[in-house]
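Those sequence lines, one after another, are chains A and B. Using our numbering, the first residue of the first sequence is number 1, and each one after it goes up by one. Using our numbering, the first residue of the second sequence is number 1, and each one after it goes up by one.
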Amino acid sequence: MIAELGHYALVLALALALVQATVPIWGARTRDLVLMRVADITAPAQFVFVAAAFAALTWAFVVSDFSVAAVVENSHSAKPLIFKISGVWGNHEGSMLLWVLILALFGALVALFGRALPPALKADTLAVQSWIAAAFYAFILVTSNPFARLPVPPAEGRDLNPLLQDLGLAIHPPLLYLGYVGFSIAFSFAMAALIEGRIDAAWARWVRPWTLLAWMFLTLGIAMGSYWAYYELGWGGWWFWDPVENASLMPWLAGTALLHSAVVMEKRNALKVWTVLLAILTFSLSLIGTFLVRSGVLTSVHAFATDPTRGVFILAILVFFIGGALALYAWRAPMLKQGGLFAPVSREGALVFNNLFLTTACATVFVGTLYPLALEALTGDKISVGAPFFNLTFGPLMLPLLLAMPFGPMLAWKRGDLLGVAQRLMVAAAIGLVGLAAAFAIDDHGPVLAPFGVGIALFVMIGAVLDLVERIGLGRVPFATALARARGLPRSMWGTAIAHFGVGVVLLGVVAETQWSKEQIVSLKPGETVSIRRYDFTFRGVAPRQGPNYTALVGQFDVSRKQEPLGRLEPAKRNFLARDMTTTEAALMTRGFSQLYLSLGDTHPDGSVAVRLYHKPLVLLIWLGAVVMVIGGAFSLSDRRLRVGAPKPARRGVAVQPAE
Amino acid sequence: MAPSMQRRQRISSLFGAIALILALLQPAFAVQPDEILRDPALESRARALSKDLRCMVCQNQSIDDSDAPLARDLRLLVRERLQAGDSDKEVIDFLVARYGEFVLLKPRFSLETALLWLGPVLVLLASIGVLLSWRRRAAPSGEAAALTLAEERRLAALLDAGDEKNADDPSSPPPAGA
């Protein structure tokens with residue numbers, strides 16, 4: 001009964017979506033406020049109904065209702081509760097339901113918090129949002145009904161893919177979708193602006209918080225997924241340039257570009273046409289990502305769905321929305337007025353530079369991801385495009401971006417003084433060079449790239465700090481004044497500096513991990529010891545262990561450094577009975593920002609066991625840096641001017657620093 | 001040529017099918033201790049090569065990362081060739097002759113992959129081209145040239161005044177001498 005209620009709730013949501021897709025936009029055309037306001041009610045209502053459907057499915061998973069097909073395929077009565085819940089979105093049907101839940105959530109949020117929006121813009125935005133929603137509700141109801149019952153329910157479920165029975169993967173999809181799907185708001189706003197044929201700086205101010213929010217979630221989601229792959233897949237890699245990863249990276253790159261171009265639009269009323277295009281492209285890439293993952297075009301660790309009818313349906317949605325949006329853009333964009341001239345060397349120029357390289361990087365990932373598919377479809381020839389290609393192309397595109405990053409926030413609007421900024425960045429450059437030299441000195445026959453990477457990372461980090469130091473006049477004015485200025489500094493500037501600092505942190509982690517990781521692959525007998533970077537691992541033996549829905553073989557290793565014991569590592573291999581699948585559970589020991597990583601291989605009859613052992617210096621910085629970037633985003637989001645629904649651009653910060 | 005290619009395809013697809021079945025049995029993990037060569041120089045070359053070679057029954061995994069039996073066979077094959085004295089290029093050529101371009105994670109530059117490799121450069125150049133044309137359209141050139149020196153100065157003064165009025169960052173760099 002509960003499952004049927006959920007199904008029915010979803011049908012009702014579709015009905016509401018159809019109303020919201022038509023009535024408000026008609027109201028906006030006829031300037032009928034009552035019709036426009038319909039969306040204010042239907043959007044939250046849609047969310048309530050989708051949430052009800054989602055709750056119904058969750059209930060079916062929690063109570064292990066094996067008459068529901070999705071539960072049978074992806075759950076098991078012995079599974080821990082948390083994984084019963086995460087199993088809801090650990091499969092195609094459920095994850096699409098999560099997708100529309102988040103879509104409806106964002107629609108409802110705009111309806112509730114967008115009070116200050118011009119009614120027509122709001123009505124159009126919510127209508128477009130509802131077109132997307134209606135398309136995906138229909139997709140779920142027609143091709144992927146999560147509530148389908150089985151005529152003869154089995155006694156036990158088939159369990160969730162063991163790789164997915166992990167806390168990291170429990171929260172990864174919701175975060176990722178909050179980002180992915182969150183960009184739909186920017187898309188809907190862009191479409192609304194095109195329909196209205198009018199766009200101004202205020203538009204950018206309304207779009208930016210939503211984009212920022214989506215970007216923060218996407219950043220967290222990607223970082224979470226990367227960390228999951230790192231500890232779960234057992235070979236210590238954290239980014240594989242897998243098409244599914246690329247599917248999330250592309251919207252991130254475009255979204256990051258959008259955040260930056262929206263700043264130019266908000267502050268200087270320039271780059272309007274481009275910003276609208278980016279808003280369209282960002283969500284289009286999210287849709288393409290959904291298509292790639294959900295259609296089964298690619299099959300990989302993440303892709304657990306393969307069914308051509310679904311692929312064709314999503315492809316149709318894709319063509320309709322992307323094609324439609326671009327057509328509307330081609331028709332309407334020339335009517336949008338360009339404003340705000342600027343010199344090439346200026347804050348605007350720097351942000352254009354940022355956009356240039358981010359979009360090129362995004363295009364590179366796009367081409368690399370889709371090229372093998374396209375080539376095979378056209379010529380039948382199969383090629384592979386993997387990590388070595390992306391490392392070779394993506395890396396060099398990031399380099400100019402990283403080097404330019406500290407310059408951007410220091411340049412003045414309209415006309416900047418490059419030489420002056422360069423002088424002000426001397427300290428950062430000097431520290432970067434010292435870091436480079438130190439890295440060379442410590443590791444003189446290591447990889448040549450590493451010291452340069454360290455130097456650039458330090459330059460980026462110190463550059464971000466210097467920007468703040470300069471703005472508050474630390475060292476130039478009395479400390480109390482500087483402190484007062486720091487407090488009065490707009491949050492968005494803190495946000496910029498913190499996020500840019502985070503990029504440097506990520507870079508430092510990436511450089512250290514890729515260039516200085518140490519690896520040992522050995523076979524050990526009980527009592528034997530293996531050493532890596534002066535850490536000694538003594539193998540004590542393996543022991544069986546019983547989990548709730550698996551049996552495990554646990555290796556026991558005592559770790560010590562210079563005779564001082566540090567603890568025990570217990571890497572395991574788990575065998576999941578329901579699917580007869582084995583997963584490796586690496587054991588990690590954190591030392592500062594570095595980690596020791598131990599994963600278990602084959603066990604042999606003579607009691608010896610193969611182990612893979614790593615020392616990964618500063619590896620945690622990769623993910624901590626991403627978290628720092630998100631904190632920067634949060635600062636920016638809390639800026640008064642950006643606060644969702646802020647009615648007027650508040651004059652800010654003027655009193656903080658007298659014009660010099 | 002044709003029969004040998006046919007044979008090659010048949011063998012490789014048979015091989016693929018077997019390997020796929022074995023892969024589903026979930027054995028072991030990537031590089032194993034017994035595979036490692038005694039000569040560290042050769043071994044590091046083998047590792048480097050392995051990272052660029054695809055495990056053909058896996059999704060986007062190099063043979064260095066993959067625990068599939070096929071990957072192990074390829075790893076052993078690479079090491080065998082290296083020990084036989086092949087250069088890196090010879091090993092790659094050998095594998096491509098045997099398994100096709102599909103085995104390379106970094107496709108070789110060819111007519112087929114030209115767009116792939118040149119794509120980033122083309123996009124960058126095209127974007128720069130678009131930017132330049134925008135700038136030309138945005139800045140009506142005749143007018144700018146027509147300004148006299150005095151007008152320019154006045155304009156600059158106005159712009160600066162404007163700058164200060166809506167200086168949205170308090171610390172937008174003070175003019176050097178101020």
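Backbone N, C-alpha and C fix where the C-beta goes; we use that ideal spot for every residue, glycine too. Keep in mind it's a predicted model, so treat the numbers as computed, not measured.
Beta-carbon spacing of A:Leu315, A:Ser295 below 8 angstroms: Closer than 8 angstroms, so yes.
Chain B contact for A:Asp242 (CB, 8 angstroms cutoff): With a threshold of 8 angstroms between beta carbons, A:Asp242 makes contact with chain B.
DSSP three-state assignment for B:Met56, whether helix, strand or coil: Note: B:Met56 maps to coil in three-state DSSP.
Three or more C-beta pairs below 8 angstroms linking the stretch 462 to 470 of chain A and the stretch 406 to 418 of chain A: Three or more beta-carbon pairs separated by less than 8 angstroms link the stretch 462 to 470 of chain A to the stretch 406 to 418 of chain A, which places the two stretches in contact.
Distance, A:Ala497 Cα to A:Leu483 Cα: When rounded, the distance between both Cα atoms is 16 angstroms.
Under 9 angstroms by beta carbon: chain E residues contacting A:Leu397: Among the protein chains in the structure shown, which are A and B, there is no chain E.
Presumed contact (8 angstroms Cβ cut-off) between A:Lys662 and B:Phe102, rounded CB distance: This structure leaves residue 662 of chain A out entirely; chain A is present only between 1 and 660.
Helix, strand or coil at A:Arg574 according to DSSP, with G and I counted as helix: DSSP, read as helix, strand or coil, puts A:Arg574 in strand.
Inter-stretch contact at 8 angstroms, needing at least 3 Cβ pairs: the stretch 508 to 528 of chain A / the stretch 615 to 623 of chain A: Cβ pair count under 8 angstroms is three or more, so yes.
contact_flag[the stretch 29 to 48 of chain A, the stretch 80 to 88 of chain A] where n(CB pairs < 8 angstroms) is 3 or more: Contact fails: fewer than three Cβ-Cβ distances are below 8 angstroms.
Environment of B:Asp93 [buried if 16+ CB atoms lie within 10 Å]: So B:Asp93 counts as exposed.
Stretch pair the stretch 154 to 171 of chain A + the stretch 189 to 201 of chain A: three plus CB contacts closer than 8 angstroms: By the Cβ rule, the stretch 154 to 171 of chain A does not count as touching the stretch 189 to 201 of chain A, because fewer than three pairs are nearer than 8 angstroms.
Residue environment, A:Lys525, which counts as buried when at least 16 other CB atoms sit within 10 Å: Exposed is the call here.
Alpha-carbon to alpha-carbon, A:Ala480 and A:Leu356: One C-alpha to the other measures close to 41 angstroms.
Residue range of the beta strand (DSSP E) that includes A:Ile521: Its beta strand (DSSP E) spans residues Lys518 to Leu524.
Residues near B:Gln26 by beta carbon distance below 7 angstroms, same chain, minus five either side: Legend: pLDDT at B:Gln26 = 40, less than 50; position of this residue unreliable, no value from coordinates given.
Beta strand (DSSP E) runs wholly inside the stretch 305 to 353 of chain A, at least 3 long, in chain order: Whole beta strand (DSSP E) segments, 3+ residues: zero.
Cut-off 6 angstroms between Cβ atoms - residues of its own chain near B:Ala71, not counting five sequence neighbours on either side: Taken in chain order, the residues that qualify are Cys55 and Ile63.
Contacts around A:Phe677, its chain only, beta-carbon distance under 6 angstroms, and the 5 residues preceding and following it disregarded: Residue 677 of chain A is absent from the model: chain A starts at 1 and stops at 660.
Boundaries of the beta strand (DSSP E) in which B:Leu105 is found, first to last residue: Element bounds for B:Leu105: n/a, residue is neither H nor E.
Proximal residues of chain A, C-beta to C-beta of B:Pro69 below 7 angstroms: What B:Pro69 touches in chain A: nothing, since even the nearest Cβ is about 12 angstroms away.
Assigned secondary structure, A:Phe147 (DSSP; H/G/I helix, E/B strand, else coil): Secondary structure of A:Phe147 (DSSP, three-state): coil.
Pick from A:Val142, A:Pro605, A:Ile431 and A:Ala441 that is closest to A:Ile456, judged by C-alpha positions: A:Ile456 has its Cα closest to that of A:Ile431, out of A:Val142, A:Pro605, A:Ile431 and A:Ala441.
Short CB-CB distance (under 8 angstroms) between A:Val345 and chain B: Among the residues facing chain B, A:Val345 is not included, as its CB has no counterpart in that chain under 8 angstroms away.
Interface partners of A:Ala202 on chain B, CB under 7 angstroms: Going along chain B, no residue has its Cβ under 7 angstroms from A:Ala202, so there is no contact; the nearest lies around 15 angstroms.
Nearest-angstrom Cα separation, counted from A:Leu328 out to A:Ile288: So the alpha carbons of these two residues sit roughly 19 angstroms apart.
Neighbouring residues, chain B, relative to A:Ser226 (Cβ below 7 angstroms): Identification of chain B residues near A:Ser226 by a Cβ-Cβ cut-off of 7 angstroms yields none; the smallest Cβ-Cβ distance measures about 15 angstroms.
DSSP three-state assignment for A:Arg115, whether helix, strand or coil: Coil, per DSSP.
Three-state class that DSSP yields for A:Leu160 in the structure shown: Judged by DSSP in its simplified three-state form, A:Leu160 adopts coil rather than helix or strand.
8 angstroms Cβ cutoff, B:Glu90 in contact with chain A: Not closer than 8 angstroms to any Cβ of chain A, the Cβ of B:Glu90 fails to qualify, so no.
Beta-carbon proximity list for A:Pro447, same chain, < 7 angstroms, skipping 5 on both sides: Same-chain partners within the cutoff: Gln515.
Pair within 8 angstroms by beta-carbon distance, A:Trp215 and A:Gly633: In contact: A:Trp215 and A:Gly633 (Cβ atoms closer than 8 angstroms).
Among A:Gly601, A:Asp639 and A:Met629, the one whose alpha carbon lies nearest that of A:Phe217: Comparing C-alpha distances from A:Phe217 to each of A:Gly601, A:Asp639 and A:Met629 shows the shortest one belongs to A:Met629.
Through-space distance from B:Ser133 to B:Ser141, alpha-carbon basis: The predicted model places B:Ser141 with a pLDDT of 43, which falls under 50 and marks its position as unreliable, so this point remains unresolved.
N- and C-terminal bounds of the beta strand (DSSP E) containing A:Gly453: Following the DSSP letters along the chain, one finds A:Gly453 in no beta strand (DSSP E) but inside the alpha helix (DSSP H) bounded by residues Leu449 to Ile472.
Selection from A:Glu73, A:Ala17, A:Lys562 and A:Val34 that minimises the alpha carbon distance to A:Ala578: Comparing Cα-Cα distances from A:Ala578 to each of A:Glu73, A:Ala17, A:Lys562 and A:Val34, the minimum goes to A:Glu73.
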